[in-house]
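For reference, the structure discussed in these notes is given below.
4 protein chains.
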Amino acid sequence: MNKRQIQKQFTRDKILDSAKQIFIEKGIINSATLQIAEKAGIAHGTLFLHFPNKDALVIGLLDIELLKFSDEIKQLIIETDEIDKLLNQYLNLIKKEEGFFSSLAREMPSYKSELRRKILFRESLIREHFHQVIEKGIRKGIYASVDIPSVLTFLFGTINYYLSLKSSFVHSGSVIEKFHDQTIEIFMKILKK
Amino acid sequence: MNKRQIQKQFTRDKILDSAKQIFIEKGIINSATLQIAEKAGIAHGTLFLHFPNKDALVIGLLDIELLKFSDEIKQLIIETDEIDKLLNQYLNLIKKEEGFFSSLAREMPSYKSELRRKILFRESLIREHFHQVIEKGIRKGIYASVDIPSVLTFLFGTINYYLSLKSSFVHSGSVIEKFHDQTIEIFMKILKK
Amino acid sequence: MNKRQIQKQFTRDKILDSAKQIFIEKGIINSATLQIAEKAGIAHGTLFLHFPNKDALVIGLLDIELLKFSDEIKQLIIETDEIDKLLNQYLNLIKKEEGFFSSLAREMPSYKSELRRKILFRESLIREHFHQVIEKGIRKGIYASVDIPSVLTFLFGTINYYLSLKSSFVHSGSVIEKFHDQTIEIFMKILKK
Amino acid sequence: MNKRQIQKQFTRDKILDSAKQIFIEKGIINSATLQIAEKAGIAHGTLFLHFPNKDALVIGLLDIELLKFSDEIKQLIIETDEIDKLLNQYLNLIKKEEGFFSSLAREMPSYKSELRRKILFRESLIREHFHQVIEKGIRKGIYASVDIPSVLTFLFGTINYYLSLKSSFVHSGSVIEKFHDQTIEIFMKILKK
DNA sequence: GATGAATGAGTGTTCATTCAT
DNA sequence: TATGAATGAACACTCATTCAT
């Protein structure tokens, strides 16, 4: 990469960084592209040079974050096939970026369908990992033979609920941490033979 | 109530009615006060005579709806002390106003905190009813001695998740209906001894 | 009309007045709604209270101007059935609002088709008047039996050409006046038996 | 020309080619310099190396096109001194590049005065050719002794009118072709003794 | 109490032009 | 000579709220 390309990437990263911070703070819908540009220290128009429109910026940011996340999950899968350990690690991962995922959960229902589809697709990849682990457990006779999709919707629905209402559940600190143990406990109960 | 007060109440009700319809249709954030006033057949300014600002209108509407809802739940409680029948009735009640509750679930996370607190307070009343029934069941030895708040958060979180992403789960028709049976089934499993 | 309605009409008129002046000066495409509002001494948003969008403002202005014009033409028709006198009066009418018609002719080709159709419809009404007078003349044996539509396109095309390139034909003053006599002369020659 | 100059000319030509195509397609005002550069396969900034600004590019393009056109007309003059044949050929020439001339006629009135003057100057060269032929015809006693400039304004104005409102006169195909015969017919009538 | 005209800050997006590389 | 990232003013349009009538 020559100097120009480095500079361009740097600007792009600055935009994504600012966007992430502002999205966490105010939610995507209430964040103005002007404010993001100002925080990134660039001209308003420059933002649209890197992303053709606001939606593309959101999608760009999500792609990076969710891909990163998905990769880390994949790593976890390889390391363990016990669902409680996997769930434990999964919650820890979310906790690390809780601000971002909280704003995501909060606003996802308001997003335009393309954006929402993109997010749900990423989530479905993660669900898939969980699905496989549970399926294996059922085959091994460790878990009860539940309807896996229903059970996972229950789990992800609850986590989503915590995240989306984070500010109502905790004044500061992590919601995920607060409900960490009980979430695992209840989920294991559902799987118990 | 004298004639003037009756007239005032009538106008207020018209506003609330229109607001409800429009909120369901377009979501609270995308509903303009002008449109609500037009649908109510009153002047734009009149709306602000009855509600100091848009938020107050939303709160006013919720107060009525959730109170009504809460009353119906109370009635159910009296009629039964079996949690599966109660949950069944509860889901049926939501289904009746699914449009409203879906738009509520979808947008609640974006509301200002006072508004959200109000909604969650109303929800907590309903939770309380469930809490009592489960507690009684545990005392009677019918249900396992679970941590009731956690278990209820799991339940309400999941229902909320269905409602908020309704349009991703079903193209038309009711999400609640679609997930009705499995929701009860899983929830009962959690309570099983 | 009560005071409010008078005030509203007054504001609307101020907007139309400012728009007309600015359109003449800079052309419709290069006129900003903000500038029109400023010239009218009202808030930018107020403009959109009276006209839902810029196009509607243009159409509103045209409707008034062309209707006024069409009415005056109709009056002329009644007064005379000699085409040279009619054409003479017609050119004088255009001359009175030459600034406006010049900017119209200049930019019409760039307008969105709905707007253009509207303008051409108004023009067609005027053509119709001319058509009738010429037809009568042919029947009476005063004029040669020409193809009236072609001949009128020739006439209106030329007038349009003068108007649209006004600033190239005259530095100040009226183009219509400058070409008044020769336009009539040539047109009469076309009609001559 | 050394190698560098050849390369420069080559780039310049590529820009002019792209500009012409895009101008025809979208009109000058709606054509972005970025798009022209992309079509030419050069960097955006390079365009401004060859032409100091967008106007200069337009003028440069016109110079070439109108000069080419003027040369072809000159050739026609040599071949014939009958005005109807000349006009016939002239209309055929326009028809060949009708897209370009239509977009020119449509937008010329919106151009800055320098640009417009340039175009009109080129047109005046063509007018000059017509002038000479008509003059000769009058001297020979073939045509009536009309005021040649007026008569030519009538002609060119009408052709311009067809071109500028092309899309209102024909849905597809050529306007010039459509009005070809009647234009010649009427014009000849004006010249008839 | 009711009206509705007016406000004005705010939004996402475009594009000719500049200049460091 | 050529590049292309960056600029920033400009644009049409929205909407909760105010206040004279």
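Residue numbers (my numbering), protein chains in the order written: chain D, 131 to 323; chain Y, 131 to 323; chain L, 131 to 323; chain V, 131 to 323.
Every residue, glycine too, gets a C-beta built ideally from N, C-alpha and C.
Item	Value
Nearest to Leu259 of chain Y by CA position, among Y:Met238, Y:Gln219, Y:His174, is which residue?	Strictly speaking, residue 259 of chain Y in this sequence is His, with Leu absent from that position. Ranking the options by Cα distance to His259 of chain Y, first place goes to Y:Gln219.
Should Glu228 of chain L be labelled buried (16 or more other beta-carbon atoms within 10 Å of its own) or exposed?	buried
For Asn218 of chain Y, decide whether its Cβ has a neighbour in chain D, counting only Cβ atoms nearer than 8 Å.	no
Which residues, in chain order, does the region 173-205 of chain Y contribute to contact with chain D at a C-beta distance below 7 Å?	none
Please classify Asn132 of chain V: does DSSP put it in a helix, a strand, or coil?	coil
According to DSSP, is Asp277 of chain Y helix, strand or coil?	coil
Give the straight-line distance between the Cα atoms of Leu146 of chain D and Lys242 of chain D, rounded to the nearest whole angstrom.	20 Å
Distance check for Leu282 of chain Y and Lys169 of chain Y, CA to CA, integer angstroms please.	38 Å
The alpha helix (DSSP H) with Ala186 of chain L in it runs from where to where?	184-209
Under a CB-based cut-off of 8 Å, is Gln312 of chain D close to chain Y?	yes
For the alpha helix (DSSP H) containing Asn160 of chain D, name the first residue and the last one.	Looking at the DSSP string, Asn160 of chain D is not in any alpha helix (DSSP H), and its letter there is neither H nor E.
Output the distance between the C-alpha atoms of Ile268 of chain D and Ala235 of chain D, rounded to the nearest integer angstrom.	30 Å
Looking at C-beta atoms only, is the number of pairs between the region 285-301 of chain V and the region 282-291 of chain L that lie closer than 8 Å three or more?	yes
Which residues of chain Y have a Cβ atom closer than 9 Å to the Cβ of Ser275 of chain D, listed in chain order?	Chain Y residues near Ser275 of chain D: none, gap ~12 Å exceeds 9 Å.
Mapping DSSP to helix, strand and coil, what is Glu227 of chain D?	coil
Please list the partners that Ser294 of chain V has in chain L, where partner means a Cβ-to-Cβ separation under 7 Å.	Pro239
Could you compute how far the alpha carbon of Arg246 of chain Y sits from the alpha carbon of Asp185 of chain Y?	11 Å
Can you tell me whether Ala167 of chain V is buried or exposed, with buried defined as 16 or more other CB within 10 angstroms of its CB?	buried
So, Asp211 of chain D versus Met318 of chain D, is the Cβ gap smaller than 8 Å?	no
Mind checking if Ile159 of chain D is an interface residue toward chain Y, Cβ cutoff 8 Å exclusive?	yes
Any idea what DSSP makes of Gly106 of chain D, helix, strand or coil?	The requested residue 106 of chain D is not part of the displayed model; chain D covers only 131 to 323.
Please list the terminal residues of the continuous alpha helix (DSSP H) segment that includes Lys296 of chain L.	296-299
Roughly how many angstroms lie between the CA atoms of Ile264 of chain D and Ala162 of chain V, to the nearest whole one?	56 Å
Over the uninterrupted alpha helix (DSSP H) stretch that includes Lys242 of chain L, give me the two end residues.	Segment: none, Lys242 of chain L is in no alpha helix (DSSP H) and carries neither H nor E.
Specify, as a first and last residue, the run of the alpha helix (DSSP H) that Glu307 of chain L falls within.	305-321
What residue does the alpha helix (DSSP H) around Phe181 of chain D start on, and which one ends it?	Phe181 of chain D -> no alpha helix (DSSP H), and no H or E assigned at all.
Kindly give me the distance between the Cβ atoms of Lys144 of chain V and Ile172 of chain V, rounded to whole angstroms, as I take these residues to be in contact under 8 Å.	7 Å
Is the separation between the beta-carbon of Phe231 of chain D and that of Phe284 of chain Y shorter than 8 Å?	no
Using beta carbons (cut-off 8 Å, strictly below), is Arg246 of chain D in contact with chain Y?	yes
Once the 5 residues before and after His310 of chain Y are set aside, which same chain residues still bring their CB inside 7 Å of it?	Leu221
Tell me which residues share the same chain as Thr141 of chain L and place their Cβ nearer than 8 Å to its Cβ, disregarding the 5 neighbours each side in the sequence.	Ala170, Ile172, Thr176, His180
So, using beta-carbon positions, are Leu223 of chain L and Phe199 of chain L closer together than 8 Å?	yes
Nearest CA to the CA of Lys226 of chain L: which residue from L:Leu196, L:Ser254, L:Leu255, L:Glu253?	L:Leu196
Between Leu250 of chain L and chain V, is any beta-carbon pair separated by less than 8 Å?	yes
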